[in-house]
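Colleague: Next up is a structure, given as structure tokens.
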Amino acid sequence: MSEAQTAAAPKGETLNFQAEVKQLLHLMIHSLYSNREIFLRELISNASDACDKLRFEALDHPHLLEGAGELAIGVGFDKAARTLTISDNGIGMSREEVIAHLGTIAKSGTKEFFSRLTGDQQKDAHLIGQFGVGFYSAFIVADKVTVLTRRAGLPANEAVKWECSMTGDTAGAYTIEPIEREARGTEIILHLRADQDDLLSGWRLRSIIRKYSDHIAQPIRMRKEEWDQEKGEQVLRDEEETVNQASALWARSKSDITDEQYKEFFKHVAHDHEEPLAWSHAKVEGRHEYTQLLYVPSHAPFDMWDRNVKHGLKLYVRRVFIMDDAEKLLPFYLRFVRGVVDSNDLPLNVSREILQESKDIDTIRAGCAKKVLSLLEDLAENDKDKYAKFWGEFGKVLKEGVGEDFANKERIAKLLRFATTHADTPEQTVSLTDYVARMKEGQDKIYYVTADTFTAAKNSPHLEIFRKKGVEVLLLAERVDEWLVSHLHEFEGKQVVSVARGDLDLGTLEDEAEKKAAEAEAGDFKDVVEKLKTALGERVKDVRITHRLTDSPACVVADEHEMGTNLARLLKAAGQDVPSSKPILEVNPKHQVLLKLKAGTDRFDDWASVLLDQALLAEGGTLEDPAGFVKRINQLMLG
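If you want it as structure tokens, here you go:
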């Protein structure tokens, strides 16, 4: 939308939707939601948020309440006009806000969301639910939507009427015009489709509200109905009644809340279509008093990896809404958690800046982290299928905690899961506790290998001796794994070591006969090793005989205190400066290529270069001179 459109004179005009909105509306019109009645939950949830935001802004600007302090939501219907109306006396919207919120999708992950739509209605409906569409869900049941709104604090003549019809010449666009409106807040009028007559029923609407929105803290009011004998139908009375419980769900006793109510509150607080995997509800008393209701979602949000997006909990102080996404209430590695914290101790005028320095927040943050870890420990112990689902969605994020949360490092390490050389797929994972329990007799270290993919890790030449001896090795194929192992040096007294760094020390896994044979081979190949060093020159730090290989002729390893090749490659790809280091080439004295070199060959230097290049490629590296490598291979093949 152009700046000229936004800044145009306040007259009635027709504006075009953002391209993504058009696409989303098209999907809505075709009713991709499997459960159409959720539109009412979404619109009531938005109305509740508008009331919360007004209450928060009114803390510093009480004039915004305009003399009417009670915040409420209204739901009504008109059978004759075939309309359904959802209203609130919350913060409302200005003209600019209407255009920004209703004409565009200002949501991180939008582009990725639309790129994942497949055209399969069932799959796309699932994605729409994950994305959280809020206001646009109105078009599931309505072919025309009218919005009347005035932002609190603005004069009555700066109210706005927004309207969109999905039929006729204006389909795919919306009109906006100034109106007079005395009441602050927003009124949304749905002009129902021909097949939605069941929604023109007080009983039906009440049942939907009690099913999906009973937890809403503001009262949801509807006009009472009574039976009219002459008309033979229910008629509306002027008197109103509150349909929901109208109390903060987290403030109620756990024994008074059903699982269904917990699940519906999650959908409200997280703007999520799916049910949560698990939740924890607790009231903390003592020096610091607060209530926490924390949820683990069943899927990762689209913007989980966007560090510019605030991920956090809703913060309330004595049941007064303070802010969305209060990221300081949880450590960053738990950013997938959704929920509410309600504090009795924080000031009502608390800001994000105050949160950064508050000792009370530090206590709440530590308490919430421990509660989430306890929840995950319970899942891991008692519901392995759910924990496997959690790990598939959020395992990469949880791994960050090993380096970020020193106080809970051991607890987090026990929750980690890894594919190993005993697995056929990356989904077959094992905990470090189970790995240690099934270690070979005489094994005193936890071994791992890193690579770009599971397949590359599983086929790494560094694993050959471990396979021969039946020693299990962790296969680490995610970018975060390099960060993880740089902070996880031991577990339950066992050192965590890379199979591709430093000299290989198998300890008691290697018997005396093997050690003596290794020493003898090192002596026999001393001349070959020296010639390889000379041929490769500055390309390598060292060349030495290895016994970690059984099938491959050579491999490269990093020195004990230098950066591994996989980490160096990742950092370079991210544009980071990487300290220059040279690999150590280890050669297998039992391999035919080495035996040939020992016997003597005219093309020793070419064989030396090929050995190094092959070893680098096996590590997932790139060659400085790939054309030269191909040429040498061809010449050696021709004899």
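Just so we're aligned, residue 1 is where the sequence shown starts under full-length UniProt numbering, counting upward by one. Even for Gly, the Cβ is constructed at its ideal location relative to N, Cα and C. Nothing here was measured: the structure is a model prediction, and the numbers come from that model.
1. Looking at Lys556: is its Cβ nearer than 8 Å to the Cβ of Glu482?
2. Return helix, strand or coil for Gly109, following the three-state DSSP convention.
3. Could you give the DSSP three-state label for Ala615: helix, strand or coil?
4. What residues match up with Ala282 in a beta bridge as DSSP calls it?
5. Taking the CB atoms as reference points, tell me whether Leu154 and Arg82 lie closer together than 8 Å.
6. In whole angstroms, what separates the C-alpha of Leu379 from that of Arg221?
7. Assign Gly74 to one of three DSSP states: helix, strand, or coil.
8. Just the Cα atoms here: how many angstroms apart are Gly109 and Ala300?
9. Quick check: Leu329 and Val341, are their CB atoms within less than 8 Å of each other?
10. Please report the straight-line C-alpha distance between Arg632 and Val610, rounded to a whole angstrom.
11. What would DSSP say about Arg143, mapped onto helix, strand or coil?
12. Pick out the complete beta strand (DSSP E) segments inside the segment 359–439, 3 residues or longer, and give them in chain order.
13. What does the alpha-carbon distance come out to for the pair Met637 and Lys440?
14. Would DSSP call Thr242 helix, strand or coil?
15. Tell me Asn35's beta-bridge partners as DSSP assigns them.
16. With the cut-off set at 8 Å, would you say Ile446 and Lys409 are in Cβ contact?
17. Would you call Gln292 buried or exposed, if buried means 16 or more other Cβ atoms sit within 10 Å of its Cβ?
18. To the nearest whole angstrom, what separates the beta carbons of Cys51 and Gly76, a pair I think is in contact under 8 Å?
19. Can you have a look at Asp527 and say buried or exposed, based on whether 16 or more other CB atoms are within 10 angstroms of its CB?
20. Can you tell me where the alpha helix (DSSP H) with His191 in it begins and where it stops?
21. Per DSSP, what kind of secondary structure is Lys445 in: helix, strand or coil?
22. Among Glu357, Ile188, Val269 and Leu277, which residue has its Cα nearest to the Cα of Lys314?
23. Using the three-state DSSP reduction, which class does Val473 fall into: helix, strand or coil?
24. Given this structure, state the Cα-to-Cα distance separating Ser31 from Leu484, to the nearest angstrom.
25. Excluding sequence positions up to five away, which residues of its chain have a Cβ less than 8 Å from the Cβ of Lys53?
26. Is DSSP giving Thr508 helix, strand or coil here?
27. Please state whether the Cβ-Cβ distance between Leu532 and Pro461 is less than 8 Å.
28. Would DSSP call Arg41 helix, strand or coil?
29. Would Ala156 pass as a contact of Arg181 if the rule is Cβ separation under 8 Å?
Modeller: Checking against the coordinates, here is how it stands:
1. For the purposes of this step, residue 556 is taken as the residue at position 556 of the sequence shown. For the purposes of this step, residue 482 is taken as the residue at position 482 of the sequence shown. The sequence given here has Val at residue 556, not Lys. No.
2. Your numbering for residue 109 matches position 109 in the sequence shown. Only weak support exists for where Gly109 lies, its pLDDT of 49 falling under 50; the coordinates are left without a value.
3. Against the sequence shown, residue 615 aligns to sequence position 615. Ala615: helix per DSSP, three-state reduction.
4. Indexing the sequence shown from 1 puts residue 282 at position 282. Note: Ala282 sits in a beta bridge opposite Gln292.
5. Position 154 of the sequence shown holds residue 154. Position 82 of the sequence shown holds residue 82. No. Outside cutoff.
6. Along the sequence shown, read from residue 1 onward, the residue named residue 379 stands at position 379. Along the sequence shown, read from residue 1 onward, the residue named residue 221 stands at position 221. About 39 Å.
7. For the purposes of this step, residue 74 is taken as residue 74 along the sequence shown, with counting starting at 1. It is a strand residue.
8. Working through the sequence shown from its first residue, we reach residue 109 at position 109. Working through the sequence shown from its first residue, we reach residue 300 at position 300. Confidence at Gly109 is low in this model, with a pLDDT of 49, below 50, so the placement of that residue should be treated as unreliable; the coordinate-derived value is given next. Distance between the alpha carbons of Gly109 and Ala300: 12 Å.
9. As a position in the sequence shown, residue 329 is number 329, starting the count at 1. As a position in the sequence shown, residue 341 is number 341, starting the count at 1. Taking 8 Å as the Cβ cut-off, Leu329 and Val341 qualify as a contacting pair.
10. Numbered from 1 along the sequence shown, position 632 holds the residue referred to as residue 632. Numbered from 1 along the sequence shown, position 610 holds the residue referred to as residue 610. If I take the Cα positions, the gap works out to 7 Å.
11. Within the sequence shown, the letter at position 143 stands for residue 143. Reading off the sequence, residue 143 comes out as Asp, not Arg. Residue state, collapsed to three classes: strand.
12. 417–420 and 429–431
13. Walking along the sequence shown from the start, residue 637 turns up at place 637. Walking along the sequence shown from the start, residue 440 turns up at place 440. Whole-angstrom Cα-Cα distance: 42 Å.
14. Indexing the sequence shown from 1 puts residue 242 at position 242. Strand at Thr242.
15. Your numbering for residue 35 matches position 35 in the sequence shown. BP columns for Asn35 are empty, so no partner.
16. Here residue 446 is taken as the residue at index 446 of the sequence shown, counted from 1. Here residue 409 is taken as the residue at index 409 of the sequence shown, counted from 1. Contact: no.
17. Walking along the sequence shown from the start, residue 292 turns up at place 292. Classification of Gln292: buried, given that the 10 Å Cβ count is 16 or more.
18. For the purposes of this step, residue 51 is taken as the residue at position 51 of the sequence shown. For the purposes of this step, residue 76 is taken as the residue at position 76 of the sequence shown. The pair is not a contact, with the Cβ atoms about 17 Å apart (cut-off 8 Å).
19. As a position in the sequence shown, residue 527 is number 527, starting the count at 1. Counting Cβ neighbours within 10 Å, Asp527 comes out exposed, since fewer than 16 surround it.
20. Sequence index remark: in the sequence shown, residue 191 carries index 191 (1-based). It is not in any alpha helix (DSSP H) - His191 instead sits in the beta strand (DSSP E) that spans Gly185 to Leu192.
21. Against the sequence shown, residue 445 aligns to sequence position 445. In this structure, Lys445 counts as strand in the three-state DSSP scheme.
22. Against the sequence shown, residue 314 aligns to sequence position 314. Checked all of Glu357, Ile188, Val269 and Leu277; the closest Cα to Lys314 is Val269.
23. Here the question's residue 473 lines up with position 473 in the sequence shown. In the structure shown, Val473 sits in coil (DSSP, three-state: anything other than H, G, I, E or B).
24. Position 31 of the sequence shown holds residue 31. Position 484 of the sequence shown holds residue 484. Annotation note: pLDDT 49 at Ser31 (below 50); position unreliable, no value reported.
25. On the sequence shown, residue 53 is found 53 positions in, with the first residue counted as 1. So the qualifying residues of the chain are Gly90, Ile91 and Phe321.
26. In the sequence shown, residue 508 corresponds to position 508, counting from 1. Three-state DSSP puts Thr508 in a helix.
27. Here residue 532 is taken as the residue at index 532 of the sequence shown, counted from 1. Here residue 461 is taken as the residue at index 461 of the sequence shown, counted from 1. No, these two residues do not count as a Cβ contact at 8 Å.
28. If you number the sequence shown from 1, residue 41 lands on position 41. Residue state, collapsed to three classes: helix.
29. Within the sequence shown, residue 156 is the residue found at index 156, counting from 1. Within the sequence shown, residue 181 is the residue found at index 181, counting from 1. Against a cut-off of 8 Å, the Cβ pair of Arg181 and Ala156 comes out as a contact.
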